[in-house]
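Heads up, the thing below is written out as structure tokens.
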Amino acid sequence: MTRHLPAAAVLACTALLAACSGTSASASLDGPLLVSGGSWDDAMTAAIGGPVTKVGTCVGIGESMVVWPEGVSWNEDSQSLVLPDGTQVALGSEVSGGGGGMTTSAIDSLFGSEAAEGLRECGVEDGEDVVVFNVGGRLSTTPVS
Numbered sequence: 262m263t264r265h266l267p268a269a270a271v272l273a274c275t276a277l278l279a280a281c282s283g284t285s286a287s288a289s290l291d292g293p294l295l296v297s298g299g300s301w302d303d304a305m306t307a308a309i310g311g312p313v314t315k316v317g318t319c320v321g322i323g324e325s326m327v328v329w330p331e332g333v334s335w336n337e338d339s340q341s342l343v344l345p346d347g348t349q350v351a352l353g354s355e356v357s358g359g360g361g362g363m364t365t366s367a368i369d370s371l372f373g374s375e376a377a378e379g380l381r382e383c384g385v386e387d388g389e390d391v392v393v394f395n396v397g398g399r400l401s402t403t404p405v406s
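When you line the sequence shown up against my numbering, it's residues 262 to 406, in that order.
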């Protein structure tokens, strides 16, 4: 199940993060994943998650593109997400964690132009909402039954 954030929540998260003066977050495309790095002084508090899916040419949750936390990678051979602890998450399995939603312009402002370019390479259009796991956040998973 994909959890969509209401527009007001996206705006609140965006305003909160834009105000963080100590933010040194970045994100770049690593294969089919847009992966964050750096740090945030604050974290978003929404619980987000859903099934791991292909979104355009990249990997997201449900129908949404995702900025994955640092340490998450993609195993091309098994077509699975690899969590920092080595757990492999197959397409269709559920992942969840803390984070929120942002528009592409907020991602450009917070993470920089490399992140915005990565979104374009994934086929995400300007103005779309993107799911963002907290930088350095932990993910949990539920395998496909």
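Where a beta carbon is used, it is the ideal one built from N, C-alpha and C, also for glycine.
Are at least three pairs of beta-carbons, each pair with one atom in the stretch 340-354 and one in the stretch 365-381, less than 8 Å apart?
Below 8 Å, too few C-beta pairs join the stretch 340-354 and the stretch 365-381 to call them touching: fewer than three.
Since Gln349 sits in a beta bridge, which residues does DSSP pair it with?
The sequence position of residue 349 within the sequence shown is 88, counting from 1. Answer by DSSP bridge pairing, in chain order: Val343.
Below 7 Å CB to CB, which residues in the same chain sit around Val296 once its five sequence neighbours on both sides are set aside?
Along the sequence shown, one-based indexing puts residue 296 at 35. Residues Ala288, Ser289, Trp329, Glu331 and Val333 of the same chain have their beta carbon placed closer than 7 Å to that of Val296, with the five preceding and five following residues left out of the count.
Where Leu295 sits in the DSSP three-state scheme:
Against the sequence shown, residue 295 aligns to sequence position 34. If DSSP states are grouped into helix, strand and coil, Leu295 belongs with the strands.
Nearest-angstrom Cα distance between Asn336 and Val320?
Here residue 336 refers to the residue found at position 75 when the sequence shown is read from its first residue. Here residue 320 refers to the residue found at position 59 when the sequence shown is read from its first residue. Going from the Cα of Asn336 to the Cα of Val320 covers about 11 Å.
Is Ser339 buried or exposed, if buried means 16 or more other CB atoms sit within 10 Å of its CB?
As a working mapping, residue 339 is identified with position 78 in the sequence shown. Classification for Ser339: exposed.
From the DSSP output, read off the bridge partner residues of Met363.
Translated into positions along the sequence shown, residue 363 becomes position 102. DSSP output for Met363 lists Val391 as bridge partner(s).
Please report the straight-line C-alpha distance between Val392 and Pro312, rounded to a whole angstrom.
Here residue 392 refers to the residue found at position 131 when the sequence shown is read from its first residue. Here residue 312 refers to the residue found at position 51 when the sequence shown is read from its first residue. Taking the Cα positions, Val392 is about 13 Å away from Pro312.
What does DSSP give as the partner residue(s) for Pro330 in the beta ladder?
Working through the sequence shown from its first residue, we reach residue 330 at position 69. Beta-bridge pairing links Pro330 to no other residue.
How many Å lie between Arg399 and Gly299 at the Cα?
As a position in the sequence shown, residue 399 is number 138, starting the count at 1. As a position in the sequence shown, residue 299 is number 38, starting the count at 1. Rounded to the nearest angstrom, the two C-alpha atoms are 15 Å apart.
Do Val316 and Met305 have their C-beta atoms within less than 7 Å of each other?
For the purposes of this step, residue 316 is taken as the residue at position 55 of the sequence shown. For the purposes of this step, residue 305 is taken as the residue at position 44 of the sequence shown. No, the Cβ-Cβ distance between Val316 and Met305 is not below 7 Å.
If we count the other Cβ atoms within 10 Å of its Cβ and call it buried at 16 or more, is Gly358 buried or exposed?
As a first step, residue 358 is located in the sequence shown; it is residue number 97 there, counting from the start. Counting Cβ neighbours within 10 Å, Gly358 comes out buried, since at least 16 surround it.
Tell me which residues share the same chain as Gly388 and place their Cβ nearer than 8 Å to its Cβ, disregarding the 5 neighbours each side in the sequence.
Locating residue 388 in the sequence shown gives position 127, where the first residue counts as 1. Thr364, Thr365 and Ser366, listed in sequence order.
Start and end of the alpha helix (DSSP H) containing Gly379?
As a first step, residue 379 must be located in the sequence shown, where it is residue number 118. Residues Ser374 to Glu382.
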